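Structure first, then comments.
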Amino acid sequence: MDLSKYLELYLSEGREHVSLLRRGLPLEGPVSVDAVTDLFRHAHSLKGMAASMGFELTSRLSHDLEALLDHWRKGAEATPLQRAAALDAVDVLDACMDAVERQSSDGAMAPRVEASVAGLGAASASPEAGLPSAGPTGTEASKAAATVEGPGRPVTGSPPPAPGPRARIKVSIDPSCPLPAARFMVMAERVKAEEPSAVLEPDLQHIVKEGLRSAVFLVPPGPLLKDLALSLRSLPDVADVDLEQASAPPLRSGTEGTLVQSMRVSPEDLDALREQASDLLYHLNQFEAALGPEEKRRHHFWLESERVHLNRLFDRVLSMRLVSFEVLAERLGRTTRELSSRLGKAASLTVSGAEERVDRGLLERLLDPLNHLVRNAMDHGLEGPEERRREGKTESGRLTLDIRRESEALLISFADDGRGIDVEAIRQAAVDRGLFAPHEAALLDHSKLLDLLTAPAFSTRKEVTDVSGRGVGLDVVRSAVESLGGHLEMASEKGRGSRFTLVIPSATTLTRVLVFGWDDEVRYGIPASQIQHIYPLSSAPLVWSGTRRFLQAGEELLPVLEWRAGPVGRDGAGLRLVHPQGDRVLLVSRVYQGERVVIMPWGAPLEMVSEWMGGALLATGEIAYVLDGRVLIRREGD
Amino acid sequence: MPHKVLVVDDAMFMRAMIRDILVNSGAYEVVGEAANGQEAVEQYKSLSPDLVTMDIVMPQMDGIEATREILKQSPKARVVMCSALGQEALVIESIAAGAKDFIVKPFSAEKVLKVLDSVVAG
Chain A
589 MDLSKYLELY
599 LSEGREHVSL
609 LRRGLPLEGP
619 VSVDAVTDLF
629 RHAHSLKGMA
639 ASMGFELTSR
649 LSHDLEALLD
659 HWRKGAEATP
669 LQRAAALDAV
679 DVLDACMDAV
689 ERQSSDGAMA
699 PRVEASVAGL
709 GAASASPEAG
719 LPSAGPTGTE
729 ASKAAATVEG
739 PGRPVTGSPP
749 PAPGPRARIK
759 VSIDPSCPLP
769 AARFMVMAER
779 VKAEEPSAVL
789 EPDLQHIVKE
799 GLRSAVFLVP
809 PGPLLKDLAL
819 SLRSLPDVAD
829 VDLEQASAPP
839 LRSGTEGTLV
849 QSMRVSPEDL
859 DALREQASDL
869 LYHLNQFEAA
879 LGPEEKRRHH
889 FWLESERVHL
899 NRLFDRVLSM
909 RLVSFEVLAE
919 RLGRTTRELS
929 SRLGKAASLT
939 VSGAEERVDR
949 GLLERLLDPL
959 NHLVRNAMDH
969 GLEGPEERRR
979 EGKTESGRLT
989 LDIRRESEAL
999 LISFADDGRG
1009 IDVEAIRQAA
1019 VDRGLFAPHE
1029 AALLDHSKLL
1039 DLLTAPAFST
1049 RKEVTDVSGR
1059 GVGLDVVRSA
1069 VESLGGHLEM
1079 ASEKGRGSRF
1089 TLVIPSATTL
1099 TRVLVFGWDD
1109 EVRYGIPASQ
1119 IQHIYPLSSA
1129 PLVWSGTRRF
1139 LQAGEELLPV
1149 LEWRAGPVGR
1159 DGAGLRLVHP
1169 QGDRVLLVSR
1179 VYQGERVVIM
1189 PWGAPLEMVS
1199 EWMGGALLAT
1209 GEIAYVLDGR
1219 VLIRREGD
Chain B
142 MPHKVLVVDD
152 AMFMRAMIRD
162 ILVNSGAYEV
172 VGEAANGQEA
182 VEQYKSLSPD
192 LVTMDIVMPQ
202 MDGIEATREI
212 LKQSPKARVV
222 MCSALGQEAL
232 VIESIAAGAK
242 DFIVKPFSAE
252 KVLKVLDSVV
262 AG
């Protein structure tokens, strides 16, 4: 197809999408679903158009931007890092349009598109954000598959095959067909029109879930089967059709119960297994490094397949470490009962979503902050039985713990129906403590006042009790959540109760890091949550001011963090590290990719003093040395 | 007699591309274009085409809703969805809603025609 005649239309319509994206991107504040839906559509249209023109880079970046917008559209929080990455992507898309206008190709944009794609990837806590998300799509697909089942549509469900012999028509889909399950569904509709009692095996849900490319139609034998097989053969995307008149009933296996359903394994054993798996990967890597180039080429296949297997083993072990919230829920229930009898306040804790599974390490780190919240609620939040009666509430206080997942994030929400937080008392305390002048304090809104509660040692309680210790201590809860890379959300209404939501971005101990390097030898990483933006040095120049270097990012001058400042060329990048005392830019020679890893600490003494968080095994089998950007900045100039 | 087609896509660019593929084949003529689901439903009513190519993601009314609406009024309508990669769930939903088949962007003329031919033949 001659595409050049579409170029002008592509440019004019494409530029309109880019400019609408730029105008509509929410730089701060809440994100409206309608607005994001529009943005999503612009990115989506651009993706399709660019793919049609063969502009792969533009299409790829639009795709990743679309995926991020899709997350927002479905209610995921738009983090500042994501907003910055989205804006950068729009900038690069704009530049892609320029490149196409000048050279009729976006090929020259490869480095910037890659950096921007990496930025989008790093900004998102979820590993699938840059890809068509397997999770949601999978669920939607199975939902869609579920809707086509049921009476009247036997061909897509899996009702027991009708008695009597069955012929099998085995259909294989062309490997280049992008949507095999949809193809099977179209085919199933056709077969059903011919033979209403046909059954697709495995059913559509399995085909969707496992991405199968071949399946069997079970149909009653008859003279017309050959025609049916022939007509299937002529359909689009069909690679092969095989008709078996034989009628052996399909064997069903594994329906008898097994003797042992599950076994107990000690957590230490699992930890040891994980370590061994990661050692194996490491050794494989060392082994490969020791091979000469010729040997490496010769054994490439074996090395790679070994690596794939070891990675699978590693994943399997990680998933075995997952435990449900039930243990934690039980423990909190016990705390509630104990305090209830000690304080003479009747209360009950209702838990929903306890079946949610997370890494054992994460669960353990959640125990303290949640216990803290239960103690607070019992001690300060819930009124005594008499006061509750006067307020027209049930005598027994109600505590609820609700655990759920939204996209990748884990949301743990704890609420009580007690007296709520007296924000006016907080306002007064802020003045009393000299934190704010009275006229300043008067301007603080509800949520700012609640935030004050999490300032270290800020307490509105006059007396100290032995139940929740000194003060309300929400700062402890907040810092515990933040150390997990999450944040604390609070809501409270006087007389009605309070709600605390712990938002943990990544629900396993897998941390997303951006991988980069200063030379070709060693890989380094920094948690993506600490990086706000990636500036390609080709477009963001370095300037000297006195003895300091700055990176010029648009209007802004960002101080360079002079750490390991080796020579970094113009093909390098500046990573903007977020810090409350002022962001810094770390110059690196190469940005590789964002990746979810398990960070293994080096061991206690080193960990205490150093900017190194630990080592991480990358999917390539290489080790990355992971830096803590916050420590780097704190120790700047030491 | 070429088959009459209604082309629905919010991008003029995509409509131009599909139109060219169809017209060059000689087997189809484009009798109307629509830029969103609402327009598609109205155009279908006034043009009664033999075939509709329907984009999924569009403003105002999306392609799946428009397909349902068209089929409610004309149960024999033949709608082919235009999908992008990674939209399998939406395509499956569309077929459950009554769409006959689908094509995937980026379009190749050969593939598009094969799908449309099989739909008008079926």
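Those protein sequence lines, which keep their order, are chains A and B.
As numbered in this note's numbering, the first sequence has no gaps in its residue numbers, which increase by one up to the final residue, 1226.
As numbered in this note's numbering, the second sequence has no gaps in its residue numbers, which increase by one up to the final residue, 263.
Positions of the beta carbon are idealized from the N, C-alpha and C atoms, including for glycine.
Quick caveat: nothing in here was measured; it's all calculated off a predicted structure.
Limits of the unbroken beta strand (DSSP E) element including residue i
i: A:T1042; result: Neither: A:T1042 is in no beta strand (DSSP E) and is coded neither H nor E.
i: A:E643; result: Reading off the sequence shown, one finds Phe at residue 643 of chain A, where the question assumed Glu. Premise fails: A:F643 is in no beta strand (DSSP E) and is neither H nor E.
i: A:W1132; result: L1130 to S1133
i: B:E174; result: Y169 to A175
i: A:Y1112; result: R1111 to P1115
i: A:F772; result: Not the beta strand (DSSP E): A:F772 falls in the alpha helix (DSSP H), residues P768 to E782.
i: A:A677; result: That residue, A:A677, is in no beta strand (DSSP E); its alpha helix (DSSP H) goes P668 to Q691.
i: A:A1030; result: Per DSSP, A:A1030 belongs to no beta strand (DSSP E) and is neither H nor E.
i: A:E1144; result: E1144 to P1147
Coarse secondary structure for residue i, derived from DSSP in three states
i: A:F805; result: strand
i: A:W660; result: helix
i: A:A1212; result: strand
i: A:M1078; result: strand
i: A:R993; result: strand
i: A:G980; result: coil
i: A:E616; result: coil
i: A:W1200; result: strand
i: A:G1162; result: strand
i: A:V1156; result: coil
i: A:L792; result: helix
i: B:F248; result: coil
i: A:A860; result: helix
i: A:F1024; result: coil
i: A:E853; result: The amino acid occupying residue 853 of chain A in the given sequence is Val; Glu does not appear at that position. Coil.
i: A:S556; result: As displayed, chain A neither begins before 589 nor continues past 1226, which places residue 556 of chain A out of reach and without an answer.
i: A:L1220; result: helix
i: A:A1296; result: Only positions 589 to 1226 of chain A appear in this structure, which leaves residue 1296 of chain A out of reach.
i: B:D242; result: strand
Beta bridge counterpart(s) of residue i as assigned by DSSP
i: A:A865; result: A:A865 pairs with nothing; no bridge assigned.
i: B:P97; result: For residue 97 of chain B there is no data in the structure shown, the boundaries of chain B being 142 and 263.
i: A:W1106; result: Looking at the DSSP assignment, A:W1106 forms no beta bridge with any residue, so it has no partner.
i: B:M195; result: B:V149 and B:M222
i: A:E832; result: A:R756
i: A:S1086; result: A:D1004 and A:S1080
i: A:A935; result: A:G985
i: A:V946; result: A:V911
i: B:V164; result: Bridge partners of B:V164: none, in fact.
i: A:A631; result: For A:A631, which the question treats as bridged, DSSP gives no partner whatsoever.
i: A:I761; result: A:V826
i: B:A262; result: According to DSSP, which records beta bridges pairwise, B:A262 is partnered with nothing at all.
i: A:S940; result: A:D990
Contact belief for residue i with residue j at Cβ below 8 Å, rounded distance in angstroms
i: A:L938; j: A:M966; result: Contrary to the premise, residue 938 of chain A reads as Thr rather than Leu in this sequence. About 15 Å; that fails the 8 Å criterion.
i: A:A803; j: A:V759; result: 6 Å
i: A:G1022; j: A:I991; result: Contact doesn't hold; Cβ gap of about 40 Å is too wide.
i: B:M199; j: B:T208; result: Rounded, the Cβ-Cβ distance is 11 Å, inconsistent with contact.
i: A:H605; j: A:S640; result: Between A:S640 and A:H605 the Cβ distance is about 14 Å, and since that is not below 8 Å, they are no contact.
i: A:L916; j: A:L868; result: Actually they are not in contact, since the Cβ atoms of A:L916 and A:L868 sit about 32 Å apart, beyond 8 Å.
i: A:I1000; j: A:L1090; result: 4 Å
i: B:H144; j: B:D191; result: 4 Å
i: A:E983; j: A:A934; result: 6 Å
i: A:I1119; j: A:L1165; result: 6 Å
i: A:G969; j: A:S1086; result: 6 Å
Residue i, enclosing alpha helix (DSSP H) - first and last residue
i: A:E914; result: E914 to L931
i: A:Y1123; result: Careful: A:Y1123 lies outside any alpha helix (DSSP H), inside the beta strand (DSSP E) at I1119 to P1124.
i: A:Q1169; result: Element bounds for A:Q1169: n/a, residue is neither H nor E.
i: B:L188; result: G178 to L188
The segment 684-695 of chain A: positions lying closer than 8 Å to chain B by Cβ: If the cut-off is 8 Å between Cβ atoms, the segment 684-695 of chain A has nothing near chain B.
Members of the segment 211-235 of chain B that neighbour chain A once the beta carbon cut-off is set at 9 Å: Residues passing the 9 Å Cβ filter: M222, C223, S224, A225, L226, G227, Q228, E229, A230, L231, V232, I233, E234 and S235.
Select from the segment 150-170 of chain B all residues with a C-beta closer than 7 Å to any C-beta belonging to chain A, and list them in chain order. Taken in chain order, the members of the segment 150-170 of chain B whose beta-carbon sits within less than 7 Å of a beta-carbon on chain A are D151, A152, M153, F154, M155, A157 and M158.
Residues within the segment 629-650 of chain A neighbouring chain B, beta-carbon criterion of under 7 Å: Under the 7 Å Cβ criterion, the segment 629-650 of chain A contributes R629, H632, S633, K635, G636, M637, A639 and S640.
Could you name the residues of the segment 235-260 of chain B whose beta carbon sits closer than 7 Å to any beta carbon of chain A, in the order they occur along the chain? Within the segment 235-260 of chain B, the qualifying residues are I236, A237, D242, F243, V245, K246, P247, F248, A250, K252, K255, V256 and S259.
Got a sec: which bits of the segment 886-913 of chain A sit with their beta carbon under 7 Å from any beta carbon on chain B, in order along the chain? Correct list: empty, as no residue qualifies.
Residues within the segment 607-622 of chain A neighbouring chain B, beta-carbon criterion of under 7 Å: Using a CB distance below 7 Å, no part of the segment 607-622 of chain A faces chain B.
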